[in-house]
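Here's the structure we're looking at; comments come further down.
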Amino acid sequence: MEYEVEDLVNVTGRGRHTVYHIKFKGYPDVYHIQASDCRIPDLLKRYKARQARALKKAAKKAREEDDQAAYLATLQDPQPEEPEPEPEPEPLPDLTSEPKIEAFMPPEKFESEMDFSENDIKWCIEHKDPENGIIAYKSMRENDVKMSDETLLQFFEMICYTNEERIPDRMESDISRYFNDPDKELVDLTWKKSGIASKIFNEIKEGPYSQRVYSAMIAGLSKFNEHNAARQVFEDFLTAHPDKALYISAYDGLIRSVPRLNSSVETVDKAIEEIVKHMEANLVAPDLHVINSILFCYRRGYCDDSTCQKSFKLVNDMISLGIEPSLATYASLISVIVRSRSRSYLRLIPEIIETALDSDIAIKDHRDADFLGESMSVISNSLHNLKLASKLHKLYLRNPKIFSHQGRRWGYLSSYFKLIITTESLENILAFYKDYVPLTLRPQAELYDALAEALDLYQADEETIKKIGRDIIDFRAYRMMKNDAIFRKDPEYVKALEEDQARVKY
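Okay, so the sequence shown: first residue is 27 according to the numbering used here, each after it adds one.
This is how it looks when you write it as structure tokens:
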């Protein structure tokens, strides 16, 4: 059976990724057919022929109508000439659409039997698709297809920085954290032993781009927890190229590996000093990420007054170098002070938070996304400063998506709600509860215990107690609560509690 093309609705993509959106006569749906489909040439040929016949027929009819109109005009009295109509605006050109959402146009899945070229590798690099890129690279190697040095370097860097897997989007990341699977998480954070990165590394490490190659390998290994391997590659680089410098990303990766390779403050400081000296010897200036990584090393170990002094000195040095601190810088200072329990430095925390809030609020380092949660935890648990917490919350309202994942947002809101329960009026407590529960926050049993005390203290009305009691049942927070006596006064709460317990039991 032959299908007649009624309309070519659209064409998307280009090259081997071209998709024709075709409507067939007698069928209401639009069909999406890849350019590689063997039916496409014949369908397009018949469609273009039909279009040509239709245009020819329409032109003939128009000429006949024009001739008839001219003849009738000679039989009528001459009429006054009408003003010429204004010209119609030119229609917009029929542009090929380029959908930005992958769900509407999923990328083509590469197969090893396909013929690949350097353009396919470039497409994978542009779209950050290492999985298809590896398939194309292996096929090109087997068929002795060449590619430029720059394309190979970019492909190697993508393999190192992505660990041979597509980078998940924000929603996928939140789901994987919510349904926490320790075994899967360990696999995701472990360097893959497929050998692609190592094979390319060994082939090109002694070429003209050795610094770039070594840097990408070290950065990738440290990012995916192969800290010993990253250190070994660094030592090999020192032996092979004693007078050359690495890229700044490699130094940052080496510093982030330091706490995993050293167990004491002294050895951590020594390891950091060795890396920094290599940077200085090769005139490599530190950037924001390197400074923040050093501060993270300080905060992970034992903290005392000397740690606070080192941290503040480092921040002063970065400012003198013209490097503006980010939110992660201030978060590290706060963490070091809290862990040191130094009274002389604790009083500086409000000033540090005020300085951070008055600065340019922008994500300059991926660790900046943890600033709100860490700061609110300190304000709620150590400072008990509602005024400062409210100012911090204004920053949250300006950018509610500033958190690295949903769990961090829950922690931030839980700390803020805990402070509100212990310091605010019942009206403000209930206003916060109404605004954030349950869509943005689901309080844990500890918060409901504190909330129960506040409801009892302020003698909340029965309707409010009933509503919150229903939420406790829905969230099953009653299992971990220490005292829900105020809610048990409601017969409906007791009945729902018994029914829920019966469902769980059976």
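Don't be surprised by glycine CBs; every beta carbon is placed ideally from N, CA and C.
task: Report the residue from Phe-338, Glu-229, Ser-370 and Glu-157 whose alpha carbon sits nearest the alpha carbon of Ala-357.
output: Taking the first residue of the sequence shown as 1, we reach residue 357 at position 331. It is Phe-338 whose Cα lies nearest to the Cα of Ala-357.
- request: Pick helix, strand or coil for Glu-488, following the three-state DSSP scheme.
  value: Taking the first residue of the sequence shown as position 1, residue 488 is located at position 462. Three-state DSSP puts Glu-488 in a helix.
query: Buried or exposed: where does Ile-345 fall if 16 or more other Cβ atoms within 10 Å of its Cβ makes it buried?
result: As a position in the sequence shown, residue 345 is number 319, starting the count at 1. Exposed is the call here.
Beta-carbon gap between Gly-221 and Ala-256 smaller than 8 Å: The sequence position of residue 221 within the sequence shown is 195, counting from 1. The sequence position of residue 256 within the sequence shown is 230, counting from 1. In this structure, the beta-carbon distance from Gly-221 to Ala-256 does not fall below 8 Å.
task: Flag this pair as touching only if the segment 425–445 and the segment 405–416 have three or more C-beta atom pairs under 8 Å; answer yes or no.
output: Contact between the segment 425–445 and the segment 405–416 is present: 3 or more CB-CB pairs across the two stretches fall below 8 Å.
query: Where does Phe-263 fall in DSSP's three states?
result: Start at 1 with the first residue of the sequence shown, and residue 263 comes out as number 237. Helix.
query: Roughly how many angstroms lie between the CA atoms of Tyr-474 and Phe-182, to the nearest whole one?
result: Sequence index remark: in the sequence shown, residue 474 carries index 448 (1-based). Sequence index remark: in the sequence shown, residue 182 carries index 156 (1-based). Tyr-474 and Phe-182: Cα-Cα distance of roughly 51 Å.
- request: Classify Ser-241 as buried or exposed, calling it buried when 16 or more other Cβ atoms lie within 10 Å of its own Cβ.
  value: Locating residue 241 in the sequence shown gives position 215, where the first residue counts as 1. Buried is the call here.
query: Do the segment 452–471 and the segment 432–443 touch if we need at least three Cβ pairs shorter than 8 Å?
result: As far as the Cβ criterion goes, the segment 452–471 touches the segment 432–443, which means the pair count is three or higher.
field: CB of Leu-477 within 8 Å of CB of Tyr-438, strictly
entry: Taking the first residue of the sequence shown as position 1, residue 477 is located at position 451. Taking the first residue of the sequence shown as position 1, residue 438 is located at position 412. No Cβ-Cβ contact shorter than 8 Å links Leu-477 with Tyr-438.
- prompt: Which class does Ala-297 belong to by DSSP, given the choice of helix, strand or coil?
  reply: For the purposes of this step, residue 297 is identified with residue 271 of the sequence shown, where counting begins at 1. Here DSSP, grouped into helix, strand and coil, assigns Ala-297 to helix.
7 Å Cβ shell around Leu-340 - same chain, five flanking residues per side excluded: Here residue 340 is taken as the residue at index 314 of the sequence shown, counted from 1. Within the same chain, Cβ atoms closer than 7 Å to the Cβ of Leu-340 are found at Ile-317, Ile-320 and Leu-321, the five residues on either side in sequence being excluded.
- prompt: Is Leu-272 closer than 8 Å to Ile-230 when the C-beta atoms are compared?
  reply: For the purposes of this step, residue 230 is taken as the residue at position 204 of the sequence shown. For the purposes of this step, residue 272 is taken as the residue at position 246 of the sequence shown. Remark: C-beta atoms of Ile-230 and Leu-272 do not approach each other more closely than 8 Å.
field: Ser-361 classed as buried or exposed, judged by whether at least 16 other C-beta atoms fall within 10 angstroms
entry: Taking the sequence shown and counting its residues from 1, the one referred to as residue 361 is at position 335. The residue in question, Ser-361, is buried, as its Cβ has 16 or more Cβ neighbours within 10 Å.
- prompt: Among Thr-490, Ser-174 and Arg-434, which residue has its Cα nearest to the Cα of Leu-456?
  reply: For the purposes of this step, residue 456 is taken as the residue at position 430 of the sequence shown. Of Thr-490, Ser-174 and Arg-434, the residue nearest in Cα terms is Thr-490.
Nearest candidate by alpha-carbon position, reference Tyr-459, set Lys-303, Asp-497, Asp-262 and Ser-248: Within the sequence shown, the letter at position 433 stands for residue 459. Shortest Cα-Cα distance from Tyr-459 to any of Lys-303, Asp-497, Asp-262 and Ser-248 involves Asp-497.
query: So, using beta-carbon positions, are Cys-323 and Val-364 closer together than 8 Å?
result: Start at 1 with the first residue of the sequence shown, and residue 323 comes out as number 297. Start at 1 with the first residue of the sequence shown, and residue 364 comes out as number 338. When the beta-carbon positions are compared, Cys-323 and Val-364 stay at least 8 Å from each other.
Assigned secondary structure, Glu-380 (DSSP; H/G/I helix, E/B strand, else coil): Mapped onto the sequence shown, residue 380 falls at position 354. In the structure shown, Glu-380 falls within a helical segment according to DSSP collapsed to helix, strand and coil.
- prompt: Span of the alpha helix (DSSP H) holding Glu-152?
  reply: Within the sequence shown, numbered from 1, the residue matching residue 152 stands at position 126. 144–152 is the span of the alpha helix (DSSP H), which, as asked, contains Glu-152.
- request: Could you tell me the distance, in whole angstroms, from the CA atom of Ile-298 to the CA atom of Lys-493?
  value: Looking up residue 298 in the sequence shown gives position 272. Looking up residue 493 in the sequence shown gives position 467. Near 55 Å, if we compare the C-alpha coordinates of Lys-493 and Ile-298.
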